[in-house]
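K.L.:
Residue numbers (UniProt numbering): 1 to 400. Glycine included, C-beta positions come from ideal geometry on N, C-alpha and C. Got a structure for you, written out below as structure tokens; questions coming shortly.
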Ligand code: NIG
Ligand code: FE
């Protein structure tokens, strides 16, 4: 057993401090200055003042840099091939996003070899890690046949235990004439083939898109998935007002993601469900689609549990950067830097129902992010500068 002392931590953000009221449903940022910690066998064995650090086999002096829990990216769609940059460019000149472009990625993903898909996912995961993410959730959803969805989830499972069945991403082009038959495929043979490879099931519940799923279709997919042993998450209220949030709360989903267009009833449902259902905000999507940003300030003030994630995908946000998301949350959604860091770590871990990652605690995994900066404030302050990187990752969420 070897121990490494990490000393000279200018600011240690544990996300494991006393409740401070700023983070509904959880403890505060837990800031310590001039701190040190000892990592033993990939776990945090000691946390304290730099001056008191015990002897260890190795010593890393961070010379005043900040250390945070590794970012938890609880929403990504990394298993895809194909390029949709032109769709992004068209949106920048006024085109609206309605989910129709997903079909382009489906075609390219089906045509890709397994080797190529694995390679693409590996590159994207490495890109995330290089920016400080240590736990990631990966969805399927660009195969939309029994075999292609099972293949996507098998590949995702090589990188993370947080895999999500998203056969109900859109109705694929060949099934448009018979939506009911497609929902039967998803809730029958596709679910059966995918459930062994997935922890979660998700659905794009969006009556505002002709490609996505209605409330009834979404309920059918989610209840069948739950009966197959999967836990639930929902894409909801992304393109307009709709039933996604209320359905997620009704079914006890761990998270409802996007939450861009909410009414008062949605917000009060989320407040009542704050211990069960997290509102995961994905501001990279609003950046990339020119939509209005979700009202993070209003949600936090109301007492909703909020998480942040990238939604890294080829359509609405091809960014794998949690620091970028934090900067957007601060600049565009009225979150304080501390709230944004908490939501990107502890909050996002809650959205995955994980208590081990997203915080720095004795006995927990040493999944840490170090900043080339003295405090967490620099994540938004130095937007666009690559100051975050994973420091010591045991594998809280990674399958190494
Ligand atoms: O989360 N909204 C549905 N799914 C993705 C976008 C997928 C795509 O356009 O390729 C999202 O935004
Ligand atoms: Fe998504």
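#1: Verify whether the separation of the beta carbon atoms of residue 15 and residue 69 is less than 7 Å.
#2: Does the beta-carbon of residue 181 have 16 or more other beta-carbons within 10 angstroms, so that it is buried, or is it exposed?
#3: Check whether the Cβ atoms of residue 257 and residue 235 lie closer than 7 Å to each other.
#4: Less than 8 Å between the CB atoms is what I'm expecting for residue 152 and residue 79, so what's the real figure, rounded?
#5: Is the beta carbon of residue 105 less than 7 Å from the beta carbon of residue 352?
#6: So residue 317 packs on residue 285, CB below 8 Å; how close in whole Å?
#7: Name, in chain order, the residues that DSSP records as bridge partners for residue 317.
#8: In terms of residues, what are the limits of the beta strand (DSSP E) holding residue 91?
#9: Helix, strand or coil: which one does DSSP assign to residue 326?
#10: Could you spell out where the beta strand (DSSP E) holding residue 286 opens and where it closes?
#11: Just mark residue 321 as buried or exposed, buried being the case when its beta carbon has 16 or more other beta carbons within 10 Å.
#12: Taking just the CA atoms, how far does residue 93 sit from residue 283?
#13: In angstroms with no decimal places, state the Cα-to-Cα distance between residue 277 and residue 251.
#14: Should residue 113 be labelled buried (16 or more other beta-carbon atoms within 10 Å of its own) or exposed?
#15: Cα-Cα, which of 326, 50, 226 and 40 is closest to residue 32?
#16: Would you say residue 98 touches ligand 2, meaning its beta carbon is less than 6 Å from a heavy atom?
#17: Below 7 Å CB to CB, which residues in the same chain sit around residue 382 once its five sequence neighbours on both sides are set aside?
#18: For the putative contact between residue 253 and residue 233, defined by C-beta atoms under 8 Å, what is the C-beta separation to the nearest angstrom?
#19: Between which residues of its own chain and residue 406 is the CB-CB distance below 8 Å, once the five residues before and five after are set aside?
P.N.:
Reading it off the structure:
#1: Yes, the Cβ-Cβ distance between residue 15 and residue 69 is below 7 Å.
#2: So residue 181 counts as exposed.
#3: Taking 7 Å as the Cβ cut-off, residue 257 and residue 235 qualify as a contacting pair.
#4: Right, their Cβ atoms sit about 4 Å apart.
#5: No, Cβ-Cβ distance for residue 105 and residue 352 is not below 7 Å.
#6: So it is a contact: roughly 5 Å between Cβ atoms.
#7: DSSP lists 313 as partners of residue 317.
#8: Segment 85 to 92 is the alpha helix (DSSP H) holding residue 91; no beta strand (DSSP E) there.
#9: Residue 326 falls in the helix class under three-state DSSP.
#10: Residue 286: not part of any beta strand (DSSP E); member of the alpha helix (DSSP H) spanning 283 to 289, first to last residue.
#11: Buried is the call here.
#12: Here the C-alpha atom of residue 283 lies approximately 19 Å from the C-alpha atom of residue 93.
#13: Rounded to whole angstroms, residue 277 and residue 251 show a C-alpha spacing of 9 Å.
#14: Exposed is the call here.
#15: Considering only alpha carbons, the answer is 50.
#16: Flag unset: Cβ of residue 98 not near ligand 2.
#17: Cβ neighbours of residue 382 beyond the five flanking positions: 373.
#18: Confirmed, Cβ separation roughly 5 Å.
#19: The requested residue 406 is not part of the displayed model; the chain covers only 1 to 400.
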